[in-house]
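Engineer: Shown below is the structure under consideration.
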């Protein structure tokens, strides 16, 4: 067995170690450590992806006990591909959000911020690699606490309130998830996914413990759905993403909620199996809630007058897309959902960063009426915001277009009659709504300035932000042009997960 | 039905406790009571797990008198899970309490509705 298979363990330990070490270091050093950590994770995961693509999945034993008793990692190339993407996005968020991290957080406390980021990195790696559902639960809680930390660190009353709200919903979600795991453990006696899968399959076919099995599925799915902000539990989003420092908003909306969804997809395919999940009716619930989420999220976004809150409401709609994909079918539907996870992880952080750069130019104002014509004073931010907005609308040559195309294909190809119609209608309606609020914003920032005093910002004044945004834009457009190999990678990965 | 409830009495109690905790956490307006609800909810899960992990007539999973017969002991894993869960809920409670203290310092009340009202006023004043 090659040395490469040790990478996931090393990466997880390295993330936890960096968090521990950062606690005694000054903020600047901690920042460098976090950036290095993200770069290392990205590189190692990419190498691992190539290795696993050729070799197939590897079960990596942790500790001294073999499989039905001990803890285990399951290394698949799909997991490591997502780990690499998550690490890249996190790197770019921390890089691009540097200015506001320095402004919003006291200098003495900045190292705490990076500790939280390192912990989130560890949790995301565990979601991608773990094969043990209880380890997953522990890291869900670690991720919750760390996310709350990066929210409340700016110490304004409003962000504390947002953090409390976020925490309450998160705790409700993890409580449900824990109860689901406990019920599942009671009827199966296992915590490792392959053994769970065997037992669940046997129980489903024999019809024994039907009620507990279905209720455990409901508890686990609803727990993770609440945590990732599926309708009707998306009300914490605007406050949470709207008042945090932009790097935090980007990481929370682009990575943390996506990490939970990735873990959920893993549980659906690895523990319950697509046959059971898609005959239990739970997929229809997710489909319906996803569809309602898309429409209401877009509707609320139109009503907002604050640019950050608008982007946050649009996040709720994007989560709806992902759950709609999961609800359609185990093959194309889930592939579309996974592709949309990447789309959203790349686009949303770049939108948050660009919005904060625009608001910097407008003397810190965040309302639309104060942002009129601001793109003329901050040209780079205007361009990158426009690219992000186009991607959210789904204009060709951006990733958003590819994901909408995939959702439509999945709906038409594999959804039943009703689902096919609903998918197409919802896609059409939501594209119109997306266009309405994003195009309105783009037109507003490019229209004639109101004559207020603005701060002129060029590439030279905001190098870290521009570097990060250029990377986001390149990845966005590049991936949309190379969509078919990535689609193939995800499809092959899902069929072998 | 009654017999079923009697055999699973501890599980039934823990489910009721979970529901109480869950609804308190979600619906109560007072932050301290929300935190209490959170703890009731977590404890209910641990009660459920411990009660199922215990089999009458079996010993704690520590080898006694050199007897290594597996059927004489209970499974150690549920207890391990409960311990991990307790650690998690203690830390989560600590974070929630810290947040509550900070919120109280900013808004001088523990009632979430009042805090929202004050925050709304702030939002209207802000740029």
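Chains as they are written, first to last, in my numbering: chain E, 1 to 497; chain W, 1001 to 1127.
Just so you know, even glycine gets a beta-carbon here, dropped at the ideal spot from N, CA and C.
Taking 7 Å as the threshold (C-beta atoms), are residue 217 (chain E) and residue 272 (chain E) in contact?
Structural biologist: If you number the first chain from 1, residue 272 (chain E) lands on position 272. If you number the first chain from 1, residue 217 (chain E) lands on position 217. Taking 7 Å as the Cβ cut-off, residue 272 (chain E) and residue 217 (chain E) qualify as a contacting pair.
Engineer: Which whole-angstrom value is the C-beta distance of residue 358 (chain E) and residue 381 (chain E), which I expect to be below 8 Å?
Structural biologist: Within the first chain, residue 358 (chain E) is the residue found at index 358, counting from 1. Within the first chain, residue 381 (chain E) is the residue found at index 381, counting from 1. With a Cβ gap of about 5 Å, residue 358 (chain E) and residue 381 (chain E) count as contacting.
Engineer: Can you tell me the Cα-Cα spacing of residue 309 (chain E) and residue 2 (chain E), whole angstroms?
Structural biologist: Translated into the one-based positions of the first chain, residue 309 (chain E) becomes position 309. Translated into the one-based positions of the first chain, residue 2 (chain E) becomes position 2. Going by the C-alpha atoms only, they are around 48 Å apart.
Engineer: Which residues of the segment 179-199 of chain E have a Cβ closer than 9 Å to any Cβ of chain W? Give them in chain order.
Structural biologist: Those would be 179, 181, 182, 183, 185, 186, 189, 191, in chain order.
Engineer: Would you please verify whether the beta carbon of residue 145 (chain E) is less than 7 Å from any beta carbon of chain W?
Structural biologist: Translated into positions along the first chain, residue 145 (chain E) becomes position 145. So, interface residue.
Engineer: Quick one: which chain C residues come within Cβ less than 7 Å of residue 141 (chain E)?
Structural biologist: Here chain C cannot be found, since the structure's protein chains are E and W.
Engineer: Going by DSSP, what residue range makes up the beta strand (DSSP E) through residue 106 (chain E)?
Structural biologist: Within the first chain, residue 106 (chain E) is the residue found at index 106, counting from 1. Where residue 106 (chain E) is concerned, there is no enclosing beta strand (DSSP E), given that its DSSP letter is neither H nor E.
Engineer: Residue ranges of each beta strand (DSSP E) run of no fewer than 3 residues wholly in the segment 15-55 of chain E, ordered along the chain?
Structural biologist: Listed in chain order, there is nothing to give.
Engineer: Measuring alpha carbon to alpha carbon, tell me which of E:41, E:22, E:210, E:297 ends up nearest residue 33 (chain E).
Structural biologist: Position 33 of the first chain holds residue 33 (chain E). The candidate whose alpha carbon is nearest that of residue 33 (chain E) is E:22.
Engineer: Pick helix, strand or coil for residue 448 (chain E), following the three-state DSSP scheme.
Structural biologist: In the first chain, counting from the first residue as 1, residue 448 (chain E) sits at position 448. Coil at residue 448 (chain E), not helix or strand.
Engineer: Can you check whether the CB of residue 45 (chain E) is closer than 7 Å to the CB of residue 19 (chain E)?
Structural biologist: Counted from its first residue, the first chain places residue 19 (chain E) at position 19. Counted from its first residue, the first chain places residue 45 (chain E) at position 45. The answer is no: Cβ separation not under 7 Å.
Engineer: Which first and last residues belong to the alpha helix (DSSP H) in which residue 1033 (chain W) is found?
Structural biologist: Your numbering for residue 1033 (chain W) matches position 33 in the second chain. Element bounds for residue 1033 (chain W): 1031-1053.
Engineer: Closer than 7 Å by beta-carbon distance: list the chain W residues that pair up with residue 134 (chain E), in chain order.
Structural biologist: Along the first chain, one-based indexing puts residue 134 (chain E) at 134. Those within 7 Å of residue 134 (chain E) in chain W are 1081.
Engineer: Of all the options E:275, E:68, E:106, E:113, which has the alpha carbon lying nearest to the alpha carbon of residue 30 (chain E)?
Structural biologist: By 1-based counting over the first chain, the position of residue 30 (chain E) is 30. When each option's Cα is compared against that of residue 30 (chain E), the closest is E:113.
Engineer: Under 7 Å, do residue 1026 (chain W) and residue 172 (chain E) count as touching if we go by C-beta distance?
Structural biologist: By one-based count along the second chain, residue 1026 (chain W) stands at place 26. By one-based count along the first chain, residue 172 (chain E) stands at place 172. Yes.
Engineer: Residue 99 (chain E) to residue 378 (chain E), Cα distance in whole Å?
Structural biologist: Position 99 of the first chain holds residue 99 (chain E). Position 378 of the first chain holds residue 378 (chain E). Distance between the alpha carbons of residue 99 (chain E) and residue 378 (chain E) is about 15 Å.
Engineer: Residue 416 (chain E) to residue 136 (chain E), Cα distance in whole Å?
Structural biologist: On the first chain, residue 416 (chain E) is found 416 positions in, with the first residue counted as 1. On the first chain, residue 136 (chain E) is found 136 positions in, with the first residue counted as 1. Those two C-alpha atoms are separated by around 33 Å.
Engineer: Do residue 535 (chain E) and residue 72 (chain E) have their CB atoms nearer than 7 Å?
Structural biologist: Residue 535 (chain E) lies beyond the range of chain E shown here (1 to 497); nothing can be said about it.
Engineer: Grab me the residues of residue 81 (chain E)'s own chain with a C-beta within less than 6 Å of its C-beta, minus the 5 sequence neighbours each way, in chain order.
Structural biologist: Walking along the first chain from the start, residue 81 (chain E) turns up at place 81. Closer than 6 Å at the Cβ level, and outside the excluded window around residue 81 (chain E), lie 49.
Engineer: Can you find a CB in chain W that lies within less than 7 Å of the CB of residue 163 (chain E)?
Structural biologist: Looking up residue 163 (chain E) in the first chain gives position 163. By this cut-off, residue 163 (chain E) is an interface position.
Engineer: Excluding the five sequence neighbours on either side, which residues of its own chain have a C-beta within less than 6 Å of the C-beta of residue 1005 (chain W), listed in chain order?
Structural biologist: Along the second chain, read from residue 1 onward, the residue named residue 1005 (chain W) stands at position 5. Only 1012 meet the Cβ criterion.
Engineer: How would you list, in chain order, the residues of chain W whose beta-carbon sits under 8 Å from the beta-carbon of residue 172 (chain E)?
Structural biologist: Counted from its first residue, the first chain places residue 172 (chain E) at position 172. Residues of chain W passing the Cβ test: 1022, 1025, 1026.
Engineer: Rounded to a whole number of angstroms, what is the C-alpha to C-alpha distance between residue 490 (chain E) and residue 60 (chain E)?
Structural biologist: Here residue 490 (chain E) is taken as the residue at index 490 of the first chain, counted from 1. Here residue 60 (chain E) is taken as the residue at index 60 of the first chain, counted from 1. For residue 490 (chain E) and residue 60 (chain E), the distance between alpha carbons rounds to 22 Å.
Engineer: For residue 340 (chain E), does the count of other Cβ atoms within 10 angstroms reach 16, so buried, or fall short, so exposed?
Structural biologist: As a position in the first chain, residue 340 (chain E) is number 340, starting the count at 1. That one is buried.
Engineer: Residue 1067 (chain W) bridges to which residues according to DSSP?
Structural biologist: Position 67 of the second chain, counted from the first residue, corresponds to residue 1067 (chain W). Residue 1067 (chain W) pairs with W:1064.
Engineer: Going along chain E, which residues have a C-beta under 8 Å from residue 1034 (chain W)?
Structural biologist: As a working mapping, residue 1034 (chain W) is identified with position 34 in the second chain. What residue 1034 (chain W) touches in chain E: 168.
Engineer: Below 7 Å between beta carbons: does that hold for residue 133 (chain E) and residue 179 (chain E)?
Structural biologist: Reading the first chain from its first residue, position 133 is the one you call residue 133 (chain E). Reading the first chain from its first residue, position 179 is the one you call residue 179 (chain E). Not closer than 7 Å, so no.
Engineer: Quick one: give me the first and last residue of the alpha helix (DSSP H) that residue 1017 (chain W) is part of.
Structural biologist: As a working mapping, residue 1017 (chain W) is identified with position 17 in the second chain. Unbroken alpha helix (DSSP H) run through residue 1017 (chain W): 1009-1027.
Engineer: Count the CB pairs spanning the segment 286-306 of chain E and the segment 412-430 of chain E that are closer than 8 Å, and state whether there are at least three.
Structural biologist: Short answer: they touch.
Engineer: From the beta carbon of residue 1052 (chain W), is the nearest beta carbon of chain E less than 7 Å away?
Structural biologist: The residue you call residue 1052 (chain W) lines up with position 52 of the second chain. Answer yes: the Cβ-Cβ gap between residue 1052 (chain W) and chain E drops below 7 Å somewhere.
Engineer: Between E:70, E:256, E:383, which has its C-alpha nearest residue 147 (chain E)'s C-alpha?
Structural biologist: Along the first chain, read from residue 1 onward, the residue named residue 147 (chain E) stands at position 147. Checking every option, the nearest Cα to that of residue 147 (chain E) belongs to E:256.
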